[in-house]
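J.: Protein chains in written order, with the UniProt record's numbering: chain E, 1 to 289; chain B, 1 to 101; chain P, 1 to 401; chain L, 1 to 183.
(1) Compute every distance between the C-beta of residue 12 of chain L and the non-hydrogen atoms of the ligand ZN, then say whether any falls below 7 angstroms.
(2) Alpha carbon to alpha carbon, how far is residue 193 of chain E from residue 45 of chain L?
(3) Buried or exposed for residue 93 of chain P, going by 16 or more other Cβ atoms inside 10 Å?
(4) Residues in its own chain within less than 6 angstroms of residue 82 of chain B by CB, not counting five upstream and five downstream?
(5) Which residues does DSSP pair with residue 84 of chain E in a beta bridge?
(6) Under 8 angstroms, Cβ to Cβ, is there at least one residue of chain B near residue 208 of chain P?
(7) Chain B partners of residue 187 of chain E, CB-CB under 9 angstroms?
(8) Counting beta carbon pairs with one atom in the region 4-24 of chain L and one in the region 321-336 of chain P, are three or more of them shorter than 8 angstroms?
(9) For residue 127 of chain E versus residue 106 of chain E, is the C-beta spacing smaller than 8 angstroms?
(10) Per DSSP, what kind of secondary structure is residue 183 of chain L in: helix, strand or coil?
(11) List, in order along the chain, the chain P residues whose C-beta lies closer than 8 angstroms to that of residue 119 of chain E?
(12) Out of E/182, E/195 and E/262, which one is the CA nearest neighbour of residue 220 of chain E?
(13) Quick check on the DSSP output: the alpha helix (DSSP H) that includes residue 219 of chain E runs from which residue to which?
(14) For residue 100 of chain E, collect the residues of the same chain with a Cβ closer than 7 angstroms to its Cβ; drop the 5 residues on either side in sequence, then sort them by chain order.
(15) Measure from the alpha carbon of residue 29 of chain B to the alpha carbon of each residue in E/146, E/49, E/14 and E/256, then state which is nearest.
(16) Is it true that the region 73-92 of chain B meets the region 35-54 of chain E, where meeting means three or more beta-carbon pairs spaced less than 8 angstroms apart?
(17) Determine the burial state of residue 159 of chain P: buried for a count of at least 16 other Cβ atoms within 10 Å of its Cβ, exposed for fewer.
(18) Three or more C-beta pairs closer than 8 angstroms, one from the region 276-288 of chain P and one from the region 148-166 of chain P: is that the case here?
(19) To the nearest angstrom, how far is it from the Cα of residue 87 of chain L to the Cα of residue 239 of chain P?
(20) Could you tell me if residue 169 of chain P is buried or exposed, where buried requires 16 or more neighbouring beta carbons within 10 angstroms of its beta carbon?
(21) Going by the beta-carbon positions, is the gap between residue 135 of chain E and residue 202 of chain E smaller than 8 angstroms?
(22) Using Cβ-Cβ distances below 7 angstroms, what residues of the region 38-57 of chain B are close to chain E?
(23) Determine the chain B residues that contact residue 44 of chain P at a beta-carbon separation under 9 angstroms, and present them in chain order.
(24) Cα-Cα, which of E/282, E/166 and E/259 is closest to residue 234 of chain E?
(25) Looking at residue 87 of chain P and residue 70 of chain P, is the spacing between their C-beta atoms short of 8 angstroms?
(26) From the DSSP output, in three-state form, read off residue 160 of chain L for me.
(27) At least one CB of chain P closer than 8 angstroms to the CB of residue 62 of chain L: is that the case?
(28) Let me make sure I understand the geometry here. Which of L/12, L/148, L/163 and L/105 has the alpha-carbon closest to that of residue 27 of chain L?
(29) Can you pull the chain E neighbours of residue 22 of chain B, defined as C-beta to C-beta under 8 angstroms?
(30) Can you tell which of P/99, P/54, P/315 and P/349 has the C-alpha that lies nearest to the C-alpha of residue 199 of chain P?
(31) If you scan the region 120-154 of chain P from start to end, which runs of the alpha helix (DSSP H) of 4 or more residues do you find wholly inside it?
(32) Can you tell me whether DSSP reads residue 111 of chain L as helix, strand or coil?
(33) Taking the alpha helix (DSSP H) that residue 244 of chain P belongs to, which residues open and close that run?
(34) Taking residue 210 of chain E as the reference, which of E/147, E/132 and E/115 has the closest Cα?
(35) Looking only at its own chain, which residues have a Cβ that is under 6 angstroms from the Cβ of residue 369 of chain P, when we skip the five neighbours before and after it?
(36) Compare the C-beta of residue 100 of chain E against all C-beta atoms of chain B and say whether one is closer than 8 angstroms.
Rendered as structure tokens:
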């Protein structure tokens with residue numbers, strides 16, 4: 001039996017060694033709040049593994065397994081299959097992985113689960129690089145962002161995870177952001193209710209890797225949405241809905257200007273980025289009419 | 001549906017499990033990381049709960065009925081300052097650790 | 001007795017069926033594919049009541065089986081060759097978390113060069129990953145060993161996964177006459193799966209496989225080592241029980257006509273059958289040779305081997321894997337270690353790679369070389385048996401220099 | 001111990017024939033047979049072969065057959081595809097050939113078999129099964145040389161194909177068995 005050494009308000013312990021101002025921590029707490037104790041979790045190595053624990057100590061009150069970096073989806077599939085075999089259809093199965101473990105090395109296993117329509121909730125917290133190992137670029141790192149493996153700024157755009165997921169014709173996929181927790185929790189709730197696999201891709205700013213003051217995590221997350229650098233939408237049974245109601249996007253400067261990782265961008269770069277963001281945003285909003 | 005497994009965990013027998021397994025729910029003393037602590041000016045607080053919802057460590061509790069409406073658990077507060085930055089009434093500020101009680 | 005004609009893959013499936021596996025994750029690879037197909041058939045027609053997860057890779061196949069088993073069901077998968085290599089990372093997860101999966105491995109060489117055919121190189125690459133490894137001589141043994149493996153692996157003293165290794169095509173696709181135990185007898189022998197180590201259960205949460213400090217890692221490895229040490233005792237216990245039910249004796253190793261032999265050959269897998277056949281033939285001609293068949297390669301039965309090989313001055317070891325860069329192949333290394341200090345001349349033969357048949361002639365040639373060394377007629381032997389003369393000139397191309 | 005080799009072309013059911021044959025001798029005649037199929041990446045139409053070993057005792061030998069006692073050729077054209085079906089034969093080896101032309105025999109006669117049996121298995125398959133796949137019919141032929149009885153072959157065929165298809169295939173085997181001729 002889990003020995004509770006310290007009290008906590010929810011299913012997640014209060015003192016977790018995530019950096020001060022960590023966006024991911026908010027995602028984890030929201031997910032646990034929504035899904036509750038009848039949940040099993042798979043966490044790959046990465047920042048979220050801080051919640052798995054260390055030695056005999058864990059920061060979660062639900063059963064979990066830390067798999068390999070690339071098999072979170074498959075491990076979740078295994079849990080689902082075993083629960084089904086035991087006649088248990090109520091316990092929720094959650095895979096909770098970062099962008100590296102999802103869009104890079106884990107995309108194959110994720111694709112497998114989505115194609116098989118295994119009833120698994122997959123939450124990808126996206127801090128746009130491999131933060132736990134020291135801020136190396138992932139395929140979810142945006143163009144021009146400086147990381148330790150793209151010191152001069154990444155020269156290509158990011159992989160579009162949710163579109164990849166949607167192309168598997170799954171019942172529910174959404175993007176969300178930690179600046180709107182109500183929306184985030186509503187989406188996790190929906191994801192847990194559909195019959196089949198679901199994906200929630202959550203923008204989770206990282207003060208350490210993006211180089212801004214920890215107090216600005218929410219501000220940065222909000223600016224990402226307001227400038228169109230992160231598009232908040234959901235896809236449910238073939239229908240797209242934009243979850244951000246604003247006619248005009250703010251200039252990207254209001255987002256990138258907050259972060260050290262975009263410091264090296266030239267005026268030309270910013271112009272390019274602005275155009276790309278606009279084109280990307282228009283493409284999506286086009287789908288949502 | 002097969003239900004072969006006896007819930008052998010029910011009888012609460014202690015066993016040694018082998019390999020990596022965590023079975024203690026623990027909070028680290030993250031309060032010790034703090035260089036600055038958030039301090040609330042209750043005069044302007046409207047008890048909106050925004051600070052509570054955005055706190056990554058979930059250490060803020062709003063007491064609507066109390067004048068000292070915002071309770072912060074300093075054992076775990078890392079002093080990130082998100083509450084300070086997000087408070088719509090600007091009634092939380094960071095002060096250097098040790099400068100106030 | 002209820003005889004059936006089964007090939008090795010069908011025998012492995014038969015064993016999984018008798019063990020009533022509840023979750024199956026399968027990814028096809030030659031020569032394992034018919035296992036994936038037959039399991040799918042049996043799930044589809046309701047013969048096996050299991051969840052069949054059609055995974056997209058072997059990496060996921062073992063991931064699914066491993067986590068499913070942690071939830072408390074008997075889970076199954078099978079693989080071969082490059083598929084096993086792709087699993088490698090998860091192979092460590094399964095054993096390190098003490099998940100007792102029984103996995104048939106249909107032995108096939110690992111590319112490059114691409115080969116579809118038999119070699120032990122795939123399983124040998126995983127020999128130190130904390131899994132038990134059993135090598136089968138014939139199809140009956142595939143069935144018996146797989147059934148027995150469930151008992152051994154799931155015993156509280158062991159709690160380790162196992163690979164039941166069957167030679168690609170020579171066993172996987174060879175039809176042989178098999179005696180299949182009844183479902184009732186195996187229900188009693190194997191029984192339902194009950195997790196005896198860490199498990200996942202929402203009414204009793206724990207987090208499995210979190211980060212472990214240098215302060216405890218060694219101890220957890222030691223736990224695995226102790227479990228390996230327990231295997232022989234557990235093996236013997238269940239092999240006896242199995243013999244009572246089926247009348248068939250399964251051993252960690254078998255000495256075949258070694259009592260009065262002048263020399264012996266140590267081998268693994270299907271070639272042991274051919275070697276026994278050659279022993280009979282040569283003995284009819286008055287040449288006294290014997291075979292030592294090793295079934296349990298992991299854990300390696302050092303003591304039993306040492307005891308069995310003690311009387312011999314000249315010993316041959318046949319590796320069906322190249323053991324590149326080592327002084328000999330993996331089996332030779334273990335035999336040499338087992339014989340440490342015993343002053344035996346242990347000769348190393350590599351052959352049967354990438355599907356090359358180990359024929360009667362091959363084995364006879366080896367025995368003749370060993371007998372010549374034994375009688376002092378010769379000092380040398382052929383290390384790479386049956387290798388063509390033109391090995392170094394197989395291809396010629398023109399290059400600019 | 002009897003060592004047997006089946007030759008044919010991919011798609012003619014050579015491997016299946018070997019399996020049915022091994023079932024017939026093992027399950028219905030109390031003997032022990034093992035098949036050692038030489039699988040490759042061959043496709044439909046390419047020459048294939050499979051080895052079978054039959055004994056009164058459980059068979060220890062687990063390698064391909066190199067010195068066959070019986071060779072069965074399911075397609076007369078195999079010999080034109082660069083396959084030496086007489087490889088490893090000895091003075092007692094016999095050949096069973098599926099051929100429609102007596103003149104084909106003259107080519108095979110030079111190979112040194114002690115006895116040659118022949119029948120047009122493909123034609124019989126066409127008549128009885130409706131498809132020119134000679135595996136079942138040729139199993140009737142091998143029953144004609146004494147290694148297995150036609151009854152056992154028919155039982156094994158019926159078990160393998162089930163139902164009506166089983167009856168038709170068994171009939172093809174029986175017909176071939178009757179029509180088998182010794183050269």
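Where a beta carbon is used, it is the ideal one built from N, C-alpha and C, also for glycine.
Model, not experiment: these values are computed from the prediction.
T.: Inspection of the coordinates gives the following:
(1) For the structure depicted, the ligand ZN is absent and the ligand set is empty, with no information on it obtainable.
(2) Sequence index remark: in the first chain, residue 193 of chain E carries index 193 (1-based). Sequence index remark: in the fourth chain, residue 45 of chain L carries index 45 (1-based). Cα to Cα, residue 193 of chain E sits roughly 53 angstroms from residue 45 of chain L.
(3) For this step, residue 93 of chain P is matched to residue 93 along the third chain. Under this definition residue 93 of chain P is a buried residue.
(4) As a working mapping, residue 82 of chain B is identified with position 82 in the second chain. Only 54 meet the Cβ criterion.
(5) Within the first chain, residue 84 of chain E is the residue found at index 84, counting from 1. Answer is none; residue 84 of chain E lacks a bridge partner.
(6) Reading the third chain from its first residue, position 208 is the one you call residue 208 of chain P. Judged by the 8 angstroms Cβ criterion, residue 208 of chain P is in contact with chain B.
(7) Start at 1 with the first residue of the first chain, and residue 187 of chain E comes out as number 187. Within chain B, no C-beta atom comes less than 9 angstroms from the C-beta of residue 187 of chain E; the nearest is roughly 16 angstroms away.
(8) no
(9) The residue given as residue 127 of chain E occupies position 127 in the first chain. The residue given as residue 106 of chain E occupies position 106 in the first chain. Not closer than 8 angstroms, so no.
(10) What you label residue 183 of chain L is simply residue 183 of the fourth chain in a count that begins at 1. In the displayed model, residue 183 of chain L falls within coil according to three-state DSSP, outside both helix and strand.
(11) For the purposes of this step, residue 119 of chain E is taken as residue 119 along the first chain, with counting starting at 1. In chain order: nothing, as chain P lies at least about 12 angstroms away.
(12) As a first step, residue 220 of chain E is located in the first chain; it is residue number 220 there, counting from the start. Closest by C-alpha distance to residue 220 of chain E, out of E/182, E/195 and E/262, is E/262.
(13) Position 219 of the first chain, counting from 1, holds the residue named residue 219 of chain E. 217-226 is the span of the alpha helix (DSSP H), which, as asked, contains residue 219 of chain E.
(14) Stepping through the first chain from its first residue, residue 100 of chain E is reached at position 100. So the list reads 46, 130 and 138, once near-sequence residues are dropped.
(15) Position 29 of the second chain, counted from the first residue, corresponds to residue 29 of chain B. Taking only the C-alpha atoms, the option nearest residue 29 of chain B is E/14.
(16) The region 73-92 of chain B makes no contact with the region 35-54 of chain E, as fewer than three CB pairs between them are under 8 angstroms.
(17) By one-based count along the third chain, residue 159 of chain P stands at place 159. Burial call: buried.
(18) no
(19) Here residue 87 of chain L is taken as the residue at index 87 of the fourth chain, counted from 1. Here residue 239 of chain P is taken as the residue at index 239 of the third chain, counted from 1. Rounded to whole angstroms, residue 87 of chain L to residue 239 of chain P spans 44 angstroms at the Cα level.
(20) Here residue 169 of chain P refers to the residue found at position 169 of the third chain. So residue 169 of chain P ends up on the buried side.
(21) Counted from its first residue, the first chain places residue 135 of chain E at position 135. Counted from its first residue, the first chain places residue 202 of chain E at position 202. The answer is no: Cβ separation not under 8 angstroms.
(22) Flagged, chain order: 53, 54, 56 and 57.
(23) Indexing the third chain from 1 puts residue 44 of chain P at position 44. Correct list: empty, because the minimum Cβ distance to chain B is about 17 angstroms.
(24) Counting from 1 along the first chain, the entry for residue 234 of chain E is found at position 234. Among E/282, E/166 and E/259, the Cα nearest to that of residue 234 of chain E is on E/166.
(25) Taking the first residue of the third chain as position 1, residue 70 of chain P is located at position 70. Taking the first residue of the third chain as position 1, residue 87 of chain P is located at position 87. Against a cut-off of 8 angstroms, the Cβ pair of residue 87 of chain P and residue 70 of chain P comes out as no contact.
(26) Within the fourth chain, residue 160 of chain L is the residue found at index 160, counting from 1. If DSSP states are grouped into helix, strand and coil, residue 160 of chain L belongs with the helices.
(27) Walking along the fourth chain from the start, residue 62 of chain L turns up at place 62. Yes, contact with chain P.
(28) The residue given as residue 27 of chain L occupies position 27 in the fourth chain. Ranking the options by Cα distance to residue 27 of chain L, first place goes to L/148.
(29) Translated into positions along the second chain, residue 22 of chain B becomes position 22. Residues of chain E passing the Cβ test: 52, 53, 54, 55, 56, 57 and 58.
(30) Your numbering for residue 199 of chain P matches position 199 in the third chain. Per the Cα distances, P/99.
(31) 121-124 and 139-154
(32) Counting from 1 along the fourth chain, the entry for residue 111 of chain L is found at position 111. Residue 111 of chain L carries a coil assignment under DSSP once its states are collapsed to helix, strand and coil.
(33) Mapped onto the third chain, residue 244 of chain P falls at position 244. Looking at the DSSP string, the run of the alpha helix (DSSP H) that includes residue 244 of chain P is 214-246.
(34) Along the first chain, one-based indexing puts residue 210 of chain E at 210. The shortest C-alpha separation from residue 210 of chain E is found at E/147.
(35) If you number the third chain from 1, residue 369 of chain P lands on position 369. Hits under 6 angstroms: 381.
(36) Translated into positions along the first chain, residue 100 of chain E becomes position 100. Not one chain B Cβ lies under 8 angstroms of residue 100 of chain E.
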